[in-house]
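Following: one structure in structure tokens, then a few remarks.
There are 2 protein chains.
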Amino acid sequence: MAPNVRYSASKENHLKAIFHLQQEHGIVTTNALAAALQTRPASVTDMLKKLKDQKLLIYERYKGFKLNNEGRKAALQVIRKHRLWEYFLVKKLQFGWDEVHEIAEELEHIASKKLIDRLDAFLGFPEADPHGDPIPDSQGRLQTRRQINLAQLPLGKVAQVSGIASQTSEMLELLQYNHIRLGTRLEIKKKFPFDESLEVKVRNRPPVTLSARVAKNVLVNDDEPITERR
Amino acid sequence: MAPNVRYSASKENHLKAIFHLQQEHGIVTTNALAAALQTRPASVTDMLKKLKDQKLLIYERYKGFKLNNEGRKAALQVIRKHRLWEYFLVKKLQFGWDEVHEIAEELEHIASKKLIDRLDAFLGFPEADPHGDPIPDSQGRLQTRRQINLAQLPLGKVAQVSGIASQTSEMLELLQYNHIRLGTRLEIKKKFPFDESLEVKVRNRPPVTLSARVAKNVLVNDDEPITERR
DNA sequence: ATTAAATTTTAGACAAATCTAAAAATAAAA
DNA sequence: TTTTATTTTTAGATTTGTCTAAAATTTAAT
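Line order of the protein sequences matches chains D and W. Here the first sequence stands for residues 414 to 643, where the numbers follow the numbering used here. Here the second sequence stands for residues 414 to 643, where the numbers follow the numbering used here.
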């Protein structure tokens, strides 16, 4: 059994941020990573050299970079830890889903793999964190689910909220106000072409209107409901 | 409300170790602290200067040192976190009491006070960790309990195990083998003056013999049973 | 195809935490 | 009470992660 491979908290943060950025853009740039980590491009370059020496990423001067297999594995372990701790904080310690991120940023750097696997079991092997982001399994496999945003959902088709793209507290507050949260089943009653706003219906509630801006940030599952239900 | 005052993990480790050492010896020496932290006396001196500058301890060159009020408060918060996490690991994640120390050494440095107070509530405000050491409350108050070691227990008086002084895995293994753990009610049936060994009886079990060495490391409550029972 | 602008990297510095080796202070022994 | 031994501190170096300012490279614009 591989012992707990340890990377510093800073390295783990870099790996995680690179992972997220390359999901969107394929290749990652120094400036983009510096912005994501709230640090300086020069600092990023310093760290990239170390990560390259440790064979965690593919990197050539001035040409951008991305994780190799080893780096992706490491990033996924950190993401797994982050999301499991978030789930724990919300489901067991009664935190609001909008206040757990910072604490999870710290907890995700606790090394013990055994701890995380036990926590996973204790929580009942959840598939997604409180924001709807999927949790990688013990081997680091990330199940990808087909998500579309609410603006793309056809009129009259019921779908279940499975993620929130922009997780600002303002956004979360707005959704809370409209009784929309993870797992909520909803249906588009009307689309207004003028401003692309939507009238949305949640069961047992009066219909509400959502702006295009909001709708694009609400992700719903295209197909079947997410598994983790009952 | 005071925001989370943050000390580095290393500083917290120093504070905690000083606290424990001064419990026993009143004043703490550089060498003793270096030994406890597995580091070098020179490194301890370096850190002491910083802690003194932050007004966490009373320190004069060459004369030993101890925590002041501020330092003691900080140390107790770390100890509270350590012991609550240990309790969580054993009671919720099914870890053995002999394997939780190292993980708790990491978890104790997570800053959020809200997290710890929520965890405390989630666990039902336990009074002692899995080794029987008392858990400071949210204000850092440490309830001291009257403990004696098993060798001091009078013949025939039933007492309840409330702590283990030497928590080596060898010791814990031996106790486990003899079905002695926290909360176990036991009674001394016979004392052998030759080697000061004891014959000890646990309810529903055949009597076992414990060496003086072991007996001195098993702490029992003098008086009433510890509160945290049912 | 040059020039200008933006991006990225290097060079050199700094803070935190640690170390080794040597010096200073204190304690113990002859 | 000297001398010796032990303890503690200082001086100077090292590692990790970060920074600023300047140089190198790439990209965009005229």
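Cβ atoms here follow ideal geometry from the backbone N, Cα and C, with glycine treated the same way. Quantities reported herein were computed from a predicted structural model and do not represent experimental measurements.
With DSSP as the reference, label residue i as helix, strand or coil.
i, result
"W:LEU446", "helix"
"W:GLY596", "coil"
"D:GLN612", "The displayed chain sequence assigns Glu, not Gln, to residue 612 of chain D. Residue state, collapsed to three classes: strand."
"W:LEU464", "helix"
"D:GLY500", "At residue 500 of chain D the sequence reads Tyr, which differs from the Gly that was named. Helix, per DSSP."
"W:ALA541", "strand"
"D:ALA572", "strand"
"D:GLN435", "helix"
"D:TYR472", "strand"
"W:LEU528", "helix"
"W:PRO620", "coil"
"W:PRO547", "strand"
"W:VAL633", "strand"
"D:LEU566", "coil"
"W:LYS424", "helix"
"W:ILE561", "strand"
"D:LEU536", "coil"
"D:ILE516", "helix"
"D:LEU480", "strand"
Using a Cβ-Cβ cut-off of 8 Å, state whether residue i counts as contacting chain W.
i, result
"D:GLN507", "yes"
"D:SER525", "yes"
"D:PHE607", "no"
"D:LEU528", "yes"
"D:GLU519", "yes"
"D:LEU497", "no"
"D:LEU532", "yes"
"D:PHE535", "yes"
Would a check of beta-carbon distances place residue i closer than 8 Å to chain D?
i, result
"W:PHE538", "no"
"W:GLU425", "no"
"W:ARG419", "no"
"W:ILE516", "yes"
"W:LEU611", "no"
"W:THR640", "Residue confidence for W:THR640 is low, a pLDDT of 38 falling below 50, so the modelled location carries little weight; the figure read from the coordinates is stated next. By this cut-off, W:THR640 is not an interface position."
"W:LYS429", "no"
If you draw a straight line from the C-alpha of residue i to the C-alpha of residue j, how long is it?
i, j, result
"W:ASP530", "D:LEU497", "20 Å"
"W:HIS438", "W:ASP550", "24 Å"
"W:SER456", "W:ARG474", "14 Å"
"W:LYS479", "W:TYR420", "18 Å"
"W:PHE501", "D:LEU502", "13 Å"
"W:LYS465", "D:LEU450", "33 Å"
"D:ARG613", "D:VAL633", "The sequence shown places Val at residue 613 of chain D, rather than the Arg named in the question. Cα to Cα, the separation comes out at about 13 Å."
"D:GLY477", "D:ILE440", "6 Å"
"W:SER624", "D:ARG493", "47 Å"
"W:GLU518", "D:ASP546", "29 Å"
"D:HIS427", "W:ALA422", "21 Å"
"W:GLU540", "D:LEU489", "37 Å"
"D:HIS544", "W:SER579", "45 Å"
"D:GLU600", "W:PHE538", "44 Å"
"W:ARG594", "W:LEU566", "17 Å"
"W:LEU470", "D:LEU469", "43 Å"
"D:VAL621", "D:THR442", "40 Å"
"W:ASN617", "W:MET584", "23 Å"
"D:GLY576", "D:ASP511", "13 Å"
"D:SER525", "D:ASN417", "6 Å"
"D:LEU555", "W:ARG453", "44 Å"
"D:LEU536", "D:LEU528", "12 Å"
"D:ASP635", "D:THR597", "14 Å"
Smallest Cα separation from residue i: which of the options?
i, options, result
"D:HIS592", "D:THR581, D:ALA524, D:SER575, D:VAL615", "D:VAL615"
"D:GLU521", "D:LEU623, D:VAL621, D:GLU425, D:VAL503", "D:GLU425"
"D:GLY484", "D:LEU450, D:LYS494, D:GLN467, D:GLU499", "D:GLN467"
"W:ALA447", "W:ILE431, W:GLN436, W:ILE440", "W:ILE431"
"W:ILE516", "W:HIS495, W:ALA628, W:ASP635", "W:HIS495"
"W:ALA534", "D:GLN507, D:LYS604, D:THR443", "D:GLN507"
"W:LEU611", "W:GLN490, W:LYS602, W:ILE523", "W:LYS602"
"W:GLN552", "W:SER575, W:LYS486, W:TYR472, W:ASN481", "W:LYS486"
"D:ASN481", "D:LEU532, D:PHE605, D:LEU588, D:GLN435", "D:GLN435"
"W:LYS505", "W:LEU532, W:SER525, W:LYS526, W:ILE523", "W:LEU532"
"D:LEU568", "D:LYS604, D:GLY596, D:ARG598", "D:LYS604"
"W:HIS433", "W:LYS462, W:SER582, W:LEU587, W:VAL491", "W:VAL491"
At a cut-off of 7 Å, is residue i close to the ligand ZN when judged by its beta-carbon and the heavy atoms of the ligand?
i, result
"D:LEU585", "Here there are no bound small molecules, and the ligand ZN is not part of this structure."
Contact between the stretch 556-567 of chain W and the stretch 617-630 of chain W (3+ Cβ pairs under 8 Å): Result yes; three or more Cβ-Cβ pairs closer than 8 Å.
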